[in-house]
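A.B. asks:
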Amino acid sequence: MDIKFTSKLMGGSNMEQKQIMAEELAISNISMYLNNETILDEQEIINLIEQVVSETVNHQALRDSEIDTKRIKDTLVHFLKGYREYNAEETVMLTSEENTQGWIATYQQNNNWERWRRLRNYLIREKNRTAFQVNQLNTISNQILNQIGDPRSDSFDKRGLVVGYVQSGKTENYIGLANKAIDAGYKLVIILSGVHNDLRSQTQTRVDEEVIGIDTELLNVNVGVGLIKELHIHPVTRRTKDGDISSAMAKTTIHQVINKNTPTVIVTKKVAPVLEALKEILSRIDKNLPILIIDDEADQASIDVKNTRNSRSDSTYEPSSINKLIREIFVLFNKRSYVGYTATPFANVLIDHRVNHPIYGPDLFPKDFIIDLPKNGDYLGPDELFGFKDGEGLPLIRSIVDPDNAEEEIYEYNRIPLDMSVAIKSFIISTAIRHLRGQVKEHNSMLIHINRSVDSHDKIAQVVREEFISIKKKLEDNDVNIINDFQDIWKKDYVPTSLEMQIFNEIEPWSEVISEIQHVTSLIKIMIINGDSDDSLDYRKYVNEGLNVIAIGGDKLSRGLTLEGLTVSYYLRSSQTYDTLMQMGRWFGYKKDFEDLCRIFISPDLVSDFRAIAFANQEFRELVQVMKKEKKKPIDFGLRIRSHSVMDVTSILKLRSSFTSLEMRSYAGRKPQTIFFNSDSDIIENNYSSTMEFLESLPKTYQTFGSKDMIRLWTEVKTEQVINYLGELDMPEDITFGSPEKWLQYINHEIEEKNFKNFRVFLMSNQFQGNAETIAGYVCNRPGRRQYEIDTDKTISIGTLRSGNDLKEISSYLSEDLSEIEEPILLIYPIVITKEKEMIKEINQKIIGLSIVFPESATQDLEYTLNTVEALNN
2 MDIKFTSKLM GGSNMEQKQI MAEELAISNI SMYLNNETIL DEQEIINLIE
52 QVVSETVNHQ ALRDSEIDTK RIKDTLVHFL KGYREYNAEE TVMLTSEENT
102 QGWIATYQQN NNWERWRRLR NYLIREKNRT AFQVNQLNTI SNQILNQIGD
152 PRSDSFDKRG LVVGYVQSGK TENYIGLANK AIDAGYKLVI ILSGVHNDLR
202 SQTQTRVDEE VIGIDTELLN VNVGVGLIKE LHIHPVTRRT KDGDISSAMA
252 KTTIHQVINK NTPTVIVTKK VAPVLEALKE ILSRIDKNLP ILIIDDEADQ
302 ASIDVKNTRN SRSDSTYEPS SINKLIREIF VLFNKRSYVG YTATPFANVL
352 IDHRVNHPIY GPDLFPKDFI IDLPKNGDYL GPDELFGFKD GEGLPLIRSI
402 VDPDNAEEEI YEYNRIPLDM SVAIKSFIIS TAIRHLRGQV KEHNSMLIHI
452 NRSVDSHDKI AQVVREEFIS IKKKLEDNDV NIINDFQDIW KKDYVPTSLE
502 MQIFNEIEPW SEVISEIQHV TSLIKIMIIN GDSDDSLDYR KYVNEGLNVI
552 AIGGDKLSRG LTLEGLTVSY YLRSSQTYDT LMQMGRWFGY KKDFEDLCRI
602 FISPDLVSDF RAIAFANQEF RELVQVMKKE KKKPIDFGLR IRSHSVMDVT
652 SILKLRSSFT SLEMRSYAGR KPQTIFFNSD SDIIENNYSS TMEFLESLPK
702 TYQTFGSKDM IRLWTEVKTE QVINYLGELD MPEDITFGSP EKWLQYINHE
752 IEEKNFKNFR VFLMSNQFQG NAETIAGYVC NRPGRRQYEI DTDKTISIGT
802 LRSGNDLKEI SSYLSEDLSE IEEPILLIYP IVITKEKEMI KEINQKIIGL
852 SIVFPESATQ DLEYTLNTVE ALNN
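Here our numbering is used: the first residue of the sequence shown is 2, the next is one more, and so on.
#1: In terms of residue numbering, what span does the alpha helix (DSSP H) encompassing Y579 cover?
#2: Do you know how far the Cα of P418 is from the Cα of V441?
#3: Exposed or buried, which one is F389 when buried takes at least 16 other CB atoms within 10 Å?
#4: Can you list the alpha helix (DSSP H) stretches of 4 or more residues lying completely in the segment 319 to 403, in chain order?
#5: With a CB to CB cut of under 7 Å and the five nearest residues on each side skipped, what residues in its chain are close to L699?
#6: Quick one: using the 10 Å Cβ neighbour count with 16 as the cut-off for buried, is D533 buried or exposed?
#7: Should P264 be labelled buried (16 or more other beta-carbon atoms within 10 Å of its own) or exposed?
#8: What number of angstroms, rounded off, separates the C-alpha of V163 from the C-alpha of D373?
#9: Taking DSSP as the reference, what is the three-state secondary structure of W114?
#10: Under the three-state reduction of DSSP, which class applies to Y108: helix, strand or coil?
#11: What do you get for T522, buried or exposed, if any count of 16 or more other CB atoms within 10 angstroms of its CB means buried?
#12: Go through the segment 801 to 868 residue by residue and report every complete run of the alpha helix (DSSP H) that reaches 4 residues or more, in order.
#13: Quick one: complete beta strand (DSSP E) runs, 3+ long, within the segment 514 to 538?
#14: What is the DSSP secondary structure of V455, counted as helix, strand or coil?
#15: Below 8 Å on the Cβ atoms is my guess for A348 versus D683; work out the distance and round it to an integer in Å.
#16: In angstroms, rounded to a whole number, what distance separates the CA positions of E565 and H444?
#17: Going by Cα to Cα distance, which pick from E721, D807, M765 is closest to P831?
#18: May I ask you to list the residues that DSSP assigns as paired with H450?
#19: If you draw a straight line from the alpha carbon of P152 to that of W114, how long is it in whole angstroms?
#20: Buried or exposed: H520, going by 16 or more other Cβ atoms within 10 Å of its Cβ?
#21: From which residue to which residue does the beta strand (DSSP E) around T263 run?
#22: Given this structure, state the Cα-to-Cα distance separating E98 from V222, to the nearest angstrom.
#23: Would you mind giving the Cβ-Cβ distance between T343 and D300, rounded to the nearest angstrom? I have them listed as a contact below 8 Å.
#24: Give the range of the beta strand (DSSP E) segment to which L717 is assigned.
#25: Alpha helix (DSSP H) containing S682: first to last residue?
#26: Thinking C-beta only, is E754 closer than 8 Å to T860?
#27: Return the chain-ordered list of same chain residues with a C-beta closer than 6 Å to the C-beta of V854, the five sequence neighbours on each side being excluded.
#28: Compare the Cα-Cα distances from A669 to each of L146, I736, D862 and report the closest residue.
#29: Which value, in whole angstroms, describes the spacing of the CA atoms of H197 and D245?
#30: Is I461 close to chain C? Criterion is C-beta to C-beta, closer than 8 Å.
#31: Please give me, in chain order, every unbroken run of the beta strand (DSSP E) with length at least 3 that falls completely inside the segment 638 to 684.
#32: Note down the Cα distance separating S169 from F589, rounded to an integer number of angstroms.
#33: Under a Cβ-count criterion, where at least 16 other Cβ atoms within 10 Å of its own Cβ denotes burial, should Q148 be classed as buried or exposed?
#34: In the DSSP assignment, find the alpha helix (DSSP H) that holds I748 and state where it starts and stops.
#35: Rank K325, S431, R657, P346 by C-alpha distance to the C-alpha of F621 and give the top, closest one.
#36: In the DSSP assignment, find the unbroken beta strand (DSSP E) run with L193 in it and report its ends.
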């Protein structure tokens with residue numbers, strides 16, 4: 002097998018260079034035997050490794066060298082680690098067949114993807130990625146690349162969205178896309194990275210190491226992929242905090258370096274002055290350069306928050322500043338692709354797809370594609386941590402029962418709340434146990450996020466420092482009480498949790514844990530992370546020993562910025578929107594080998610909110626899967642997001658183009674009744690016949706009460722019988738009470754929640770004198786003669802069905818308060834119409850009215866927020 006070497010090795014002995022060359026060749030060779038469908042058993046993997054090692058050492062360039070074959074085997078074993086057990090969801094967008102039919106299928110025949118190849122080798126060697134992780138990144142990157150424009154084309158305008166999970170590796174995904182896009186011929190890649198300097202600098206560092214290959218602070222030092230092979234990419238921005246685009250830079254000749262000869266990468270903030278300067282620079286370059294804009298956290302700052310439904314037809318309308326500038330930059334070029342990345346896509350899909358401004362062009366609606374990234378089995382997200390209902394989720398949540406009292410303790414009394422003290426001790430224990438597990442050089446972080454107020458962070462830090470100093474001093478003095486406190490938390494919390502989760506077979510003995518606790522307290526730092534603080538979470542400075550830190554902050558810790566090795570979170574800040582709250586969940590992510598040591602101290606209300614968002618998010622992703630199966634684009638396929646009774650899907654300003662739809666009304670604790678009826682004789686007859694069949698199907702044993710014992714009661718009627726009966730009826734919907742069809746939706750929902758096993762059914766009768774009639778074999782007086790009106794659509798309407806005493810009499814007979822019942826009650830009313838009005842003289846005397854008394858329930862109205870595509874389609 003003849004493989005060309007792509008590495009240019011920097012330094013080291015010739016023997017070591019040959020060894021690394023051999024390992025790279027072995028990885029290239031074994032990759033050729035594998036694809037996403039390859040299934041190998043253990044013996045086949047062993048045989049394949051032996052075969053590849055033999056091919057490698059016998060390669061003509063290595064045949065006379067002293068190659069360590071054991072080291073090659075170890076490299077291949079790591080590369081294949083997790084091959085048989087890798088658990089990843091399918092990327093929702095394209096099938097493998099579609100992947101081979103796009104424009105990159107013809108392009109890759111003549112392209113060796115040298116930037117992608119060096120990134121792949123870097124990820125395997127330096128980032129310890131497995132074969133599946135690298136192959137999956139390759140597949141997903143190709144899928145996205147296939148959806149954006151072919152840089153060889155004369156012109157194109159592509160806009161899409163990639164949906165990941167909070168802290169799930171979105172950065173690595175767009176790093177892969179950037180490398181492949183440059184390989185394919187894109188000459189300018191702009192990465193829009195958040196709104197804070199810290200996040201932009203963090204992103205620039207990753208881009209330096211994994212795309213550009215040089216340290217943009219030092220400029221002449223190779224880093225990351227640059228140590229594997231030098232491939233020139235021009236960086237305009239630098240990794241320093243002041244290394245962003247500036248108005249001063251716009252006045253220079255910097256635009257001259259952005260040309261078709263060398264690809265250029267820019268990492269910049271979404272801040273108006275910065276984007277204004279960037280627009281000025283780019284306005285002076287070749288408009289035919291293929292440009293790719295990667296918008297990280299695309300739902301933050303990029304959305305037009307001034308748009309209303311009337312704005313799209315107003316040529317004088319000016320969008321909000323960041324949105325306007327991104328669109329202005331984008332339309333400067335004839336060959337342009339925009340890819341947004343976010344874990345909270347709600348605001349993006351709710352953009353009005355109809356907008357097309359004469360100056361700024363279309364809005365940033367992802368018209369061409371939405372790709373739902375997979376998560377592998379190691380990821381801990383809201384689904385895994387919280388579940389969707391009580392009793393679900395992992396045993397890592399610790400309840401802050403009285404969050405208001407916790408804040409009062411800090412701000413009013415300058416003392417630490419008890420549960421925060423427990424959280425700090427828990428962080429110390431988690432750090433100690435990680436050290437005992439050999440994770441000594443790994444970072445360990447604790448998050449304390451109570452509110453966004455910068456002024457409050459100093460007060461919080463004060464009580465935290467005082468508590469930590471006290472703990473540390475007592476441990477140094479071998480104080481019995483503090484040691485007992487730690488042992489109590491370890492014994493009652495950590496031991497049972499670790500045993501339940503079964504991360505490790507053995508529990509670390511207490512004697513070793515307390516010894517390490519006394520050691521790690523000297524390593525922990527306390528930092529304030531906000532715009533006024535000089536503290537910086539620069540984990541790179543602690544790469545050799547690991548940073549152990551308690552980070553106190555607000556907004557800067559709530560989106561984008563990564564807290565490495567986050568084990569313990571103390572979180573009180575609520576939010577009124579899905580996206581803000583989800584992004585503040587910094588505890589989501591990959592926690593392999595220390596999942597059981599993570600703790601989230603949070604209020605029960607916030608747990609409920611996260612569960613609601615998790616469910617809405619899952620539903621949305623399932624809808625994206627439907628779009629994929631139907632092979633449609635977002636411009637043709639409407640999207641909707643489940644709403645919440647308290648929280649909004651996104652901020653009100655981002656909801657201006659959205660619509661709402663009530664899909665299911667909650668009837669919890671309500672007593673709806675039918676007060677509208679169709680005057681069509683066939684419908685009346687069908688409703689009557691269905692009622693007679695239902696009554697005849699009920700048991701012959703029943704209870705009677707009321708005047709002359711003419712009200713009948715059947716107990717323990719199976720809900721399925723009631724569902725079948727209601728499903729046969731045709732009655733108009735009333736805005737106040739709904740209809741039997743709407744009641745059915747709610748009943749079916751409650752059945753899914755394991756409620757409503759049985760109904761109690763009442764056949765109602767007039768309490769006063771009247772002509773007795775036989776209804777399904779039962780003698781009863783039809784309830785009171787009512788005055789009817791017929792609306793213009795031939796609908797019979799009445800003011801009320803039940804008489805004022807009906808429910809009182811039922812409650813009295815049952816000796817129950819109807820507001821406290823546990824199973825629903827169905828009331829069937831055979832009713833009589835009057836003949837005084839000319840329009841209703843011919844109405845058949847067979848009208849059936851219904852009412853249901855529903856128990857209380859936690860179920861709320863099921864309402865959806867629709868985007869403009871969905872609203873117009875319906």
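All C-beta atoms, glycine included, are put in the ideal place defined by N, C-alpha and C.
For clarity, every value in this text was computed on a predicted model and none was experimentally measured.
C.D. replies: Quick answer:
#1: 579 to 584
#2: 30 Å
#3: exposed
#4: 322 to 331, 347 to 350, 383 to 387
#5: W715, V718, V762
#6: exposed
#7: buried
#8: 6 Å
#9: coil
#10: helix
#11: buried
#12: 807 to 815
#13: 525 to 530
#14: helix
#15: Going by Cβ atoms, the distance from A348 to D683 rounds to 49 Å, so no, they are not a contact pair.
#16: 6 Å
#17: M765
#18: Y572
#19: 15 Å
#20: exposed
#21: Here T263 belongs to no beta strand (DSSP E), and DSSP marks it neither H nor E.
#22: For E98, the predicted model reports a pLDDT of 39, less than 50, meaning its position is unreliable; a value from the coordinates is still stated below. In a straight line, the C-alpha of E98 is about 42 Å away from that of V222.
#23: 5 Å
#24: Sequence inspection shows Glu at residue 717; the Leu mentioned does not correspond to that position. Element bounds for E717: 712 to 719.
#25: 682 to 698
#26: yes
#27: K672, L819, I826
#28: D862
#29: 11 Å
#30: This model lacks chain C altogether, as it is built from one protein chain only.
#31: 641 to 643, 660 to 665, 677 to 679
#32: 8 Å
#33: buried
#34: 741 to 753
#35: P346
#36: 189 to 194
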